[in-house]
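K.L.:
Encoded as structure tokens, here's the structure I'll be asking about.
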Amino acid sequence: MKDSVVLGIDIGGSHLTAALVDEATRKFVPDSYLRVRVNSKGTAEEILGIWTKAIEDTFQAYPVANKRIGIAMPGPFDYANGISLIKGLDKYEALYKLNVKQILSQRLSISPAFILMMNDAACFLRGEVYYGAARGYQDVIGITLGTGTGSAMHHNGVTHDANLGPAPFMDSIADEYFSTRWFVKRYRELTGTTVKDVKALTDLYQTDANVKTIFAEFVKNLAVFLEGFVKAEKPQVIVMGGNIAQCSDLFLSDLTAQLAARAITVPIVRAELGEEAAILGAASLFESKTIL
Numbered sequence: 103m104k105d106s107v108v109l110g111i112d113i114g115g116s117h118l119t120a121a122l123v124d125e126a127t128r129k130f131v132p133d134s135y136l137r138v139r140v141n142s143k144g145t146a147e148e149i150l151g152i153w154t155k156a157i158e159d160t161f162q163a164y165p166v167a168n169k170r171i172g173i174a175m176p177g178p179f180d181y182a183n184g185i186s187l188i189k190g191l192d193k194y195e196a197l198y199k200l201n202v203k204q205i206l207s208q209r210l211s212i213s214p215a216f217i218l219m220m221n222d223a224a225c226f227l228r229g230e231v232y233y234g235a236a237r238g239y240q241d242v243i244g245i246t247l248g249t250g251t252g253s254a255m256h257h258n259g260v261t262h263d264a265n266l267g268p269a270p271f272m273d274s275i276a277d278e279y280f281s282t283r284w285f286v287k288r289y290r291e292l293t294g295t296t297v298k299d300v301k302a303l304t305d306l307y308q309t310d311a312n313v314k315t316i317f318a319e320f321v322k323n324l325a326v327f328l329e330g331f332v333k334a335e336k337p338q339v340i341v342m343g344g345n346i347a348q349c350s351d352l353f354l355s356d357l358t359a360q361l362a363a364r365a366i367t368v369p370i371v372r373a374e375l376g377e378e379a380a381i382l383g384a385a386s387l388f389e390s391k392t393i394l
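In terms of our numbering, the sequence shown opens at residue 103 and continues consecutively.
In structure tokens form, the structure reads like this:
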């Protein structure tokens, strides 16, 4: 195996997904993709043991002389130094204050210089800029709508986490309005019935007026949220990803119209790469040595 490959890893709340990425083609090395379950509420040894084994198994199957690893990691996290600051989020609590980069470096016999980390939302956007829906743009913002609200910005080759999920919004924070739990909670408030997720609501869209009401409220709130983000960053395009974006055909035209009414005409594109975006974005960190 030639050494123009990087192992890109996306750390999620319940899974680790990874693949070797060929820097020349910017594509996954065939058959190198893996997905393993992780108990994010487990002990540090359990969590890091699974991560280590997944990495070791990949490099055993695809040997390289110089191992390099890019990791998309949820925050809060000291990405440059590799120290977890995750606390009070009901996941990866056992890693709090641990130097994850140093531990992985020692276990894998890889120099810390060859383990780079970035926020997962930023890696998602970076992947879409380098390989997906935002190719060719220099100024981009991205949002992921799912279990929470991810946000990032990309300007002239540098990607940052915007960290707007915890930002104040209306009577709470953005995460509470632009996530699956908001849709579930709002439907229960209107009907007294609990649904599993947004997909379940989309199945009811044509037959239940309450669902249309909920999507209308969501769009109104999202337009307000995006207005500030767009005015601050002045992007050429907005990339939207996450599970909720998968039903964007139900709300994207309305959102575009509401933004236009606010004198915002930046195009919104749906993310193309799915779960691959964060992996590709993580692998791309070695192209510029950007750690944010």
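Where a beta carbon is used, it is the ideal one built from N, C-alpha and C, also for glycine. Just so you know, these numbers come straight off a predicted model, no measurement behind them.
Quick check: Arg364 and Ala302, are their CB atoms within less than 8 Å of each other?
P.N.:
Taking 8 Å as the Cβ cut-off, Arg364 and Ala302 do not qualify as a contacting pair.
K.L.:
Could you give the DSSP three-state label for Thr154: helix, strand or coil?
P.N.:
Three-state result, Thr154: helix.
K.L.:
Contact check, Lys169 vs Phe130 under 8 Å by CB: the rounded distance?
P.N.:
Going by Cβ atoms, the distance from Lys169 to Phe130 rounds to 17 Å, so no, they are not a contact pair.
K.L.:
Can you find the residues in the same chain that come closer than 8 Å, C-beta to C-beta, to Glu147, ignoring five residues on each side of it along the sequence?
P.N.:
Nothing meets the Cβ criterion.
K.L.:
With a threshold of 8 Å between beta-carbons, can Ser253 be considered close to chain C, or not?
P.N.:
Given the protein chain composition of this structure (a single chain), no chain C is represented.
K.L.:
Does DSSP put Ile393 in a helix, a strand or coil?
P.N.:
Its pLDDT being 40, under 50, Ile393 is placed unreliably by the model, and the measurement read from it follows with that caveat. In the structure shown, Ile393 sits in coil (DSSP, three-state: anything other than H, G, I, E or B).
K.L.:
Ala347 to Pro165, Cα distance in whole Å?
P.N.:
When rounded, the distance between both Cα atoms is 37 Å.
K.L.:
Under 8 Å: do the stretch 133 to 142 and the stretch 115 to 123 share three or more Cβ pairs, one atom per stretch?
P.N.:
Judged by Cβ distances under 8 Å, the stretch 133 to 142 makes contact with the stretch 115 to 123, as three or more pairs qualify.
K.L.:
For the alpha helix (DSSP H) holding Gly229, just list the boundary residues, first then last.
P.N.:
Asp222 to Tyr233 is the extent of the alpha helix (DSSP H) around Gly229.
K.L.:
Exposed or buried, Arg386, counting other C-beta atoms within 10 Å across all chains shown (16 or more means buried)?
P.N.:
Reading off the sequence shown, one finds Ser at residue 386, where the question assumed Arg. Answer is buried; the Cβ neighbour count reaches 16.
K.L.:
For Thr309 and Lys298, what's the separation of their Cα atoms in angstroms?
P.N.:
Each residue's Cα considered, the two are about 17 Å apart.
K.L.:
Is the stretch 222 to 236 close to the stretch 324 to 342, with three or more CB pairs under 8 Å?
P.N.:
The stretch 222 to 236 vs the stretch 324 to 342: in contact.
K.L.:
Between Asp192, Leu109, Val202 and Gln204, which has its C-alpha nearest Thr249's C-alpha?
P.N.:
When only C-alpha atoms are compared, the closest one is Asp192.
K.L.:
Can you round the beta-carbon distance between Lys155 and Gly184 to whole angstroms, since I take them to be within the 8 Å contact cut?
P.N.:
About 19 Å; that fails the 8 Å criterion.
K.L.:
Whose C-alpha, out of Thr127, Leu210, Asp124 and Thr246, is nearest the C-alpha of Ser350?
P.N.:
That would be Thr246, whose Cα lies nearest to the Cα of Ser350.
K.L.:
Considering Val313, what are the terminal residues of the alpha helix (DSSP H) in which it resides?
P.N.:
Looking at the DSSP string, the run of the alpha helix (DSSP H) that includes Val313 is Ala311 to Glu335.
K.L.:
Under DSSP, the beta strand (DSSP E) around Arg139 begins and ends at which residues?
P.N.:
Its beta strand (DSSP E) spans residues Leu136 to Arg139.
K.L.:
What are the partner residues of Thr249, as DSSP defines its beta bridges?
P.N.:
BP columns for Thr249 are empty, so no partner.
K.L.:
Taking only three categories from DSSP, how would you classify Val242?
P.N.:
Strand, per DSSP.
K.L.:
Nearest by alpha-carbon distance to Ala196: which of Lys143, Asp133, Glu278 and Ser253 is it?
P.N.:
Nearest of Lys143, Asp133, Glu278 and Ser253 to Ala196, Cα basis: Lys143.
K.L.:
For Met103, does the three-state DSSP call read helix, strand or coil?
P.N.:
Reliability of the predicted coordinates at Met103 is poor, the pLDDT of 47 falling under 50, and no value is obtained from them.
K.L.:
Under 8 Å, do Ala269 and Asp222 count as touching if we go by C-beta distance?
P.N.:
Against a cut-off of 8 Å, the Cβ pair of Asp222 and Ala269 comes out as no contact.
K.L.:
Secondary structure at Gly64, three-state DSSP: helix, strand or coil?
P.N.:
Coverage of the chain is limited to positions 103 through 394, which leaves residue 64 absent and any answer about it impossible.
K.L.:
Which class does Pro214 belong to by DSSP, given the choice of helix, strand or coil?
P.N.:
Three-state DSSP puts Pro214 in a helix.
K.L.:
Only counting the same chain, and skipping five residues up and downstream in sequence, which positions put a Cβ closer than 8 Å to that of Val321?
P.N.:
Taken in chain order, the residues that qualify are Phe353, Asp356, Leu357 and Gln360.
K.L.:
In terms of residues, what are the limits of the beta strand (DSSP E) holding Arg288?
P.N.:
It is not in any beta strand (DSSP E) - Arg288 instead sits in the alpha helix (DSSP H) that spans Thr282 to Thr293.
K.L.:
Determine the DSSP secondary structure at Ser355, reduced to helix, strand or coil.
P.N.:
Correct three-state label for Ser355: helix.
K.L.:
For Ala59, report the span of its alpha helix (DSSP H) as first-last.
P.N.:
Only positions 103 to 394 of the chain appear in the structure, and residue 59 is not among them; the question remains open.
K.L.:
Quick one: give me the first and last residue of the beta strand (DSSP E) that Val339 is part of.
P.N.:
Taken as a continuous stretch (DSSP letters only), the beta strand (DSSP E) holding Val339 covers Val339 to Gly343.
K.L.:
Identify the residues that DSSP records as bridge partners of Arg372: which are they?
P.N.:
Met342, per the DSSP bridge assignment.
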